[in-house]
Amino acid sequence: MAQQEDVFKKIVAHAKEYGFVFPSSEIYDGLSAVYDYGQNGVELKNNIKRYWWEAMTLLHENIVGIDSAIFMHPTIWKASGHVDAFNDPLIDNRDSKKRYRADVLIEDHIAKIDEKIDKEVAKARKRFGDSFDEAMFRQTNARVVELLAHREAVHTRFSEAMNANDLDGLRQIIIDEEIVDPISGTKNWTEVRQFNLMFKTEMGSTADGSMTVYLRPETAQGIFVNYLNVQKTGRMRIPFGIAQIGKAFRNEIVARQFIFRMREFEQMEMQFFVRPGSEMEWFKYWKEWRLRWHKALGLGDEKYRYHDHEKLAHYANAATDIEFQMPFGFKEVEGIHSRTNFDLSQHEKFSGKKIQYFDPELNQSYTPYVIETSIGVDRMFLSVLCSSYEEQALEGGDSRVVLHLPAALAPVKCAVMPLVRKDGLPEKAREIVDELKFDFTTHYEEKDSIGKRYRRQDAIGTPFCITVDHQTLEDNTVTLRHRDSMEQQRVNIADLHSLIHSQVSLNALLRKI
Ligand code: GAP
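In short: position in the sequence shown from 1, add 1313, done, that's my numbering.
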């Protein structure tokens, strides 16, 4: 685990050093849980968004996109339930003056019990070797049985308190389990309070003429309030979907793990409107399809798992997360939710406008049900970055850091390098750049030794390096170097385009889904 934490620190440092992610407002010492994307980060992020957008809108003829405003009428957040229910339970430690999420303190405590159990199992495995029967050990070892029973009891109390929004119950678990503040080491806790995660601001100039508006905590509501507009103007027939990519804001109490939990982040959401009664069928469809989208990237099938929700959000009748194995454990990257007709019904009630669909096949009107797929761009970015990062030992005692990014997502697709800065090689290299740049993000690199230039491109995940040498001037061939294998092949300049295209095109990736 400690080793994984070290790797994660290195990834964060690498992201900064190579222009992927910078802390926001860094020259003013940063702004907590807010980040900026640099010259390579923005390309990777845009490619992720393009992969998602095209998978939704090109591969599904019944999905269209919109781009709604961040500011919306404040009543929308009353109708959606966010004003009343978009809360986290918060607790302060009186000694350290630090604020925590009560549920996270308890979850971390349960994780510590799990670690103790794992340690006992690992010790026994070492002792018994090949004859070790883990299932039997878990059932019979007194220490493990005791730990498991304890874990189960805490977990049950925790689930019950969360489901009932029982703040005193949460606090009592913290007291009974003697959970201490990681900073002060004391148990001097305040009461647990609800904390609303929405940012507020004022719209309008004068004190009495202004109104309180919220920065949207999810992009989904922009889709719900445009449901009628899109359905009517696009003559959409159910089932159909509306996709949107945009910023969302949450005043997270505990912001941690780099870009995993941010206060300003980006979501890619799709609401799929279906006939009432068919929602579980579509829930299953989207659950499977979204996992296929992830797996097509080739980051490793074993790195994904589903996590079905025990506690459902106020609007859902089924929900699952797609979790990805980050260096700090399996974590949610995407949520798939069956949101019933909750949102459209609420907007109908609060706006007084009829929001119904006339189904010509059934000859009846109804409020559509909704399946939502909701993925954070930044978390997706983090999963791609973490799983691509490798420190590789090379023959001869050399080493390199390489990002094995899926080629279609790489910020730079190819780098063209004259072997030396004379004899007409730079001019020849420029000619190649001028041909390739219309289709691929292409770098021209002439500074430093060829080895150093390769390393720099490896570090940002460039799939191809093209080296122009003296032979190029004679026979129009170049060396094409592959990032992952480091293999080099001699190819004709005329073949470069199709060779690169076959590996880096989004089209090829979309076909894998
Ligand atoms: N419309 C449903 C919705 O917003 P969610 O599970 O709260 O559901 C969906 O969020 C996705 O948004 C998450 O799976 C995650 O990828 C991303 N996300 C949520 N909060 C985030 C945060 N503070 N920082 C970065 N990404 C976040």
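Don't be surprised by glycine CBs; every beta carbon is placed ideally from N, CA and C.
Computed from a prediction, not measured in an experiment: that's the story for all the values here.
- Boundaries cannot be given for Ser1523, as no beta strand (DSSP E) includes it and DSSP labels it neither H nor E.
- By the Cβ neighbour-count rule, Glu1515 is exposed, with fewer than 16 other Cβ atoms within 10 Å of its own.
- Assignment of beta strand (DSSP E) within the segment 1482-1510, counting only whole runs of 3 or more residues, yields 1506-1509 in chain order.
- Counting the other Cβ atoms within 10 Å of the Cβ of Gln1770 gives 16 or more, which makes it buried.
- Looking at the DSSP output, Cys1699 bridges to nothing.
- For Leu1716, the pairing in a beta bridge is given by DSSP as Tyr1702.
- Lys1436 and Tyr1598 have their C-alpha atoms roughly 43 angstroms apart.
- Going by C-alpha positions, Leu1809 is about 10 angstroms away from Ser1815.
- For the pair Ile1555 and Gln1584, the CB atoms are nearer than the 9 angstroms cut-off.
- In the three-state scheme derived from DSSP, where H, G and I count as helix and E and B as strand, Ala1728 is classed as strand.
- Contact annotation: Val1457 and Ile1488 have beta-carbon atoms that are not nearer than 9 angstroms.
- Under the 10 Å beta carbon count, Arg1407 is surrounded by fewer than 16 other beta carbons and is classified as exposed.
- The DSSP-derived three-state label of Arg1440 is helix.
- Positions of the beta strand (DSSP E) runs, each at least 3 residues long and wholly inside the segment 1620-1653, are given as 1631-1639 and 1642-1651 in order along the chain.
- Gly1535: member of the alpha helix (DSSP H) spanning Ala1533 to Phe1537, first to last residue.
- Assignment of beta-bridge partners to Ser1678 by DSSP yields Phe1671.
- Distance from the C-beta of Asp1621 to the nearest heavy atom of ligand 1 is not below 8 angstroms.
- A residue is called buried once 16 or more other Cβ atoms fall within 10 Å of its Cβ, and Arg1652 is buried on that count.
- Residue pairing by DSSP places Gly1689 opposite Gln1580 in a beta bridge.
- The secondary-structure analysis by DSSP pairs Ile1684 across a beta bridge with Phe1585 and Ser1651.
- The beta carbon of Arg1563 lies closer than 6 angstroms to those of Leu1510 and Pro1530 in the same chain, with the five residues before and after it left out.
- Pairwise C-beta distances place the segment 1411-1418 out of contact with the segment 1619-1631, as fewer than three of them are shorter than 8 angstroms.
- Met1369 sits in a helix when the DSSP states are folded into three classes.
- Secondary structure note for Tyr1757: its beta strand (DSSP E) is the uninterrupted segment Thr1755 to Tyr1757.
- Under DSSP, the beta-bridge partners assigned to Met1516 are Met1524.
- With a threshold of 16 other beta carbon atoms within 10 Å, Gln1507 falls short and is exposed.
- The beta-bridge partner set that DSSP reports for Val1377 consists of Ile1555.
- For His1607 and His1783, the gap between their C-alpha atoms comes out near 43 angstroms.
- Arg1550 has its Cβ no nearer than 8 angstroms to any heavy atom of ligand 1.
- Distance from the CA of Tyr1331 to the CA of His1627, rounded to the nearest whole angstrom, comes to 42 angstroms.
- In its chain, beyond the 5 residues on either side, Gly1737 and Lys1741 have a beta carbon closer than 7 angstroms to the beta carbon of Leu1786.
- With a cut-off of 8 angstroms on Cβ pairs, the segment 1678-1689 is in contact with the segment 1642-1662, counting three or more such pairs.
- Between the alpha carbons of Gln1485 and Glu1428 lies a gap of roughly 23 angstroms.
- When secondary structure is reduced to three states using DSSP, Arg1451 falls in the helix class.
- A contact between stretches requires three or more CB pairs, one per stretch, nearer than 8 angstroms, and the segment 1694-1711 meets this requirement with the segment 1316-1325.
- Assignment of Ala1561 by DSSP, reduced to helix, strand and coil, places it in the strand class.
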